[in-house]
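*Asks:* Next up is a structure, given as structure tokens.
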Amino acid sequence: MHNDLHSIKEAVREEADKALSLQDIQDLKVRYLGKKGLLTAKLKSLGSIPREQRPEYGSLLNETKKYIEALLDKQEGIFKSVELSKSLQSQQIDVTVPGCFTPWGHLHPITKVLDEIVGIFISLGFTVEEGPEVELDFYNFEALNFPKDHPARDMQDTFFISDDVVLRTHTSSVQVRTMEKNTPPLRVIAPGKVYRCDADVTHIPMFHQLEGFMVDKHIRMSDLKGVLQLFIHRVFGRETSVRFRPSFFPFTEPSAEIDISCVICKGSGCNVCKGTGWLEILGAGMINPRVYEMAGYNPDLYTGFAFGMGIERVAMLKYGIDDIRLFPENDKRFLEQF
């Protein structure tokens, strides 16, 4: 028995000396000390040894096992140290090598224009409100005087999630939500994303809009005109002319389309303005009394105005861009111009 265990120790030592890699040492551990290893098998067969010889043989087995574990652990440590050294050599960083330049990012043109517009209205005392993009039909249409069978619903190609839930087609839905929770006086703008089933050089399925409204006693159309003229002059310059054209929106009465003198030809007529000298910029009007009733206001006591604009539309006019699809494409050649 003694010779047998001594032979095992010698065999392990010789094989460990011949090992060329960490894997070789780990294989030796499995062969001798693993669940099905040679020493493990001998420990399991200890019961077959005569009773009077078991203590001595068991002691020798444990001594042999400790010797092999210590030997292989030492060899394993040596190989791990060598591998770590090689790894550090291959991964070391030369701090004298010049770094790679990472260009600074900047705001997207839509974000720049939206921030500018919001800043203008905040300076006029307006507050900012937001609402859900997945909206109830009630707030998106009915509360804004769009009954279920109203033909004006066809003016907006809507993404329907269900009969009563839509992707909002305008941020005007925030108007009624805000009026329900607050009492006049109110001066509010509601910027955000809106969705319509439309796509061409002037329309995309998802775009940005800003709704604004003011409600108080004795608000007049002249107040609306003054606010919008100031806004337009801040964005496009004081030399920009403004005109109001009669129009129709279910949630305002009277309603108007607001045009500005063409930013390309300065009103003299060109291909962009189709020779008219004018470009449409936004829609507005006095809030329809029906909207007050839906929000729980007394239409005999309060008046107000509302307006809405597409941020992409303003950006296109401000920067002279002729295709709205350039904004979401994120082409660096386009974005770097801003």
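Under this note's numbering, think of the first position of the sequence shown as 2, with each following residue one higher. Quick reminder that beta carbons are idealized off the backbone N, C-alpha and C, glycines included. Quick caveat, the model's predicted, so the values are computed rather than measured.
Report the residue ranges of all alpha helix (DSSP H) runs contained in full by the segment 241-311; include only those spanning at least 4 residues, in chain order.
*Replies:* Whole alpha helix (DSSP H) segments, 4+ residues: 290-296.
*Asks:* In the structure shown, what three-state DSSP assignment does Lys-342 receive?
*Replies:* For residue 342 there is no data in the structure shown, the boundaries of the chain being 2 and 339.
*Asks:* Short of 7 Å in beta carbon distance, which residues of its chain neighbour Pro-80, apart from the five on each side in sequence? Order them along the chain.
*Replies:* What sits at residue 80 in the sequence shown is Phe, not Pro. Same-chain partners within the cutoff: Ser-22, Leu-23, Ile-26.
*Asks:* Would Thr-304 be called buried (16 or more neighbouring beta carbons within 10 Å of its own) or exposed?
*Replies:* Residue burial is scored here from C-beta neighbours: Thr-304 has at least 16 other C-beta atoms within 10 angstroms and is therefore classed as buried.
*Asks:* Starting from Phe-214, follow its DSSP beta bridges and name the residues at the other end.
*Replies:* Val-189, Ala-307
*Asks:* Determine, using beta carbons only, whether Phe-139 and Ile-220 come nearer to each other than 8 Å.
*Replies:* no
*Asks:* For Met-207, write down the residues that DSSP places opposite it in a beta bridge.
*Replies:* Tyr-196
*Asks:* In its own chain, which residues sit with a C-beta less than 8 Å from the C-beta of Glu-136, not counting the 5 before and 5 after it?
*Replies:* Val-166, Val-167, Leu-168, Arg-169, Ser-174
*Asks:* Count the C-beta pairs between the segment 183-200 and the segment 211-218 that are closer than 8 Å, then say yes if the count reaches three, no if not.
*Replies:* yes
*Asks:* With respect to the alpha helix (DSSP H) encompassing Glu-1, which residues constitute its N-terminal and C-terminal limits?
*Replies:* There is simply no residue 1 to check, as the chain begins at 2 and stops at 339 in what is shown.
*Asks:* If you follow the alpha helix (DSSP H) that Val-96 is in, where does it begin and where does it stop?
*Replies:* That residue, Val-96, is in no alpha helix (DSSP H); it is neither H nor E in DSSP.
*Asks:* Starting from the Cα of Ile-333, find the closest Cα among Arg-32, Phe-122, Trp-105 and give me that residue.
*Replies:* Per the sequence presented here, residue 333 reads as Lys, with Ile not at that position. Looking at the Cα atoms, Trp-105 is the closest of the given residues.
*Asks:* Assign Ser-1 to one of two classes, buried (16 or more other C-beta atoms within 10 Å of its C-beta) or exposed (fewer than that).
*Replies:* The shown model of the chain, from 2 to 339, leaves out residue 1, and the question about it has no answer.
*Asks:* Which partner residues of Leu-318 appear in the DSSP bridge assignment?
*Replies:* Per DSSP, none; premise fails for Leu-318.
*Asks:* List the residues that DSSP assigns as beta-bridge partners of Phe-339.
*Replies:* Phe-339 pairs with nothing; no bridge assigned.
*Asks:* Looking at C-beta atoms only, is the number of pairs between the segment 30-45 and the segment 90-110 that lie closer than 8 Å three or more?
*Replies:* no
*Asks:* Check whether the Cβ atoms of Leu-72 and Arg-14 sit closer than 8 Å, and answer yes or no.
*Replies:* yes
*Asks:* Enumerate, from N- to C-terminal direction, the unbroken alpha helix (DSSP H) stretches of 4 or more residues contained entirely within the segment 98-129.
*Replies:* 110-124
*Asks:* Give the secondary structure of Phe-160 by DSSP, where H, G and I count as helix, E and B as strand, and everything else as coil.
*Replies:* coil
*Asks:* Determine the contact status of Phe-249 and Ile-259, defining contact as a CB-CB distance below 8 Å.
*Replies:* In this structure, Phe-249 keeps its C-beta atom at 8 Å or more from the C-beta atom of Ile-259.
*Asks:* Run through DSSP, which three-state label would Glu-313 get?
*Replies:* helix
*Asks:* What did DSSP end up calling Glu-136 once you bin it into helix, strand or coil?
*Replies:* strand
*Asks:* Should Arg-52 be labelled buried (16 or more other beta-carbon atoms within 10 Å of its own) or exposed?
*Replies:* Answer is exposed; the Cβ neighbour count stays below 16.
*Asks:* Using only the alpha-carbon positions, how far apart do Ile-265 and Gly-276 sit?
*Replies:* 11 Å
*Asks:* Measuring only the C-alpha atoms, how far is Pro-110 from Phe-328?
*Replies:* Taking the straight line joining both Cα atoms gives about 8 Å.
*Asks:* Taking Cβ positions, are Arg-178 and Gly-132 nearer each other than 8 Å?
*Replies:* Going by C-beta atoms, Arg-178 is nearer than 8 Å to Gly-132.
*Asks:* Pull up the distance between the alpha-carbon of Glu-337 and that of Val-292, whole angstroms please.
*Replies:* 44 Å
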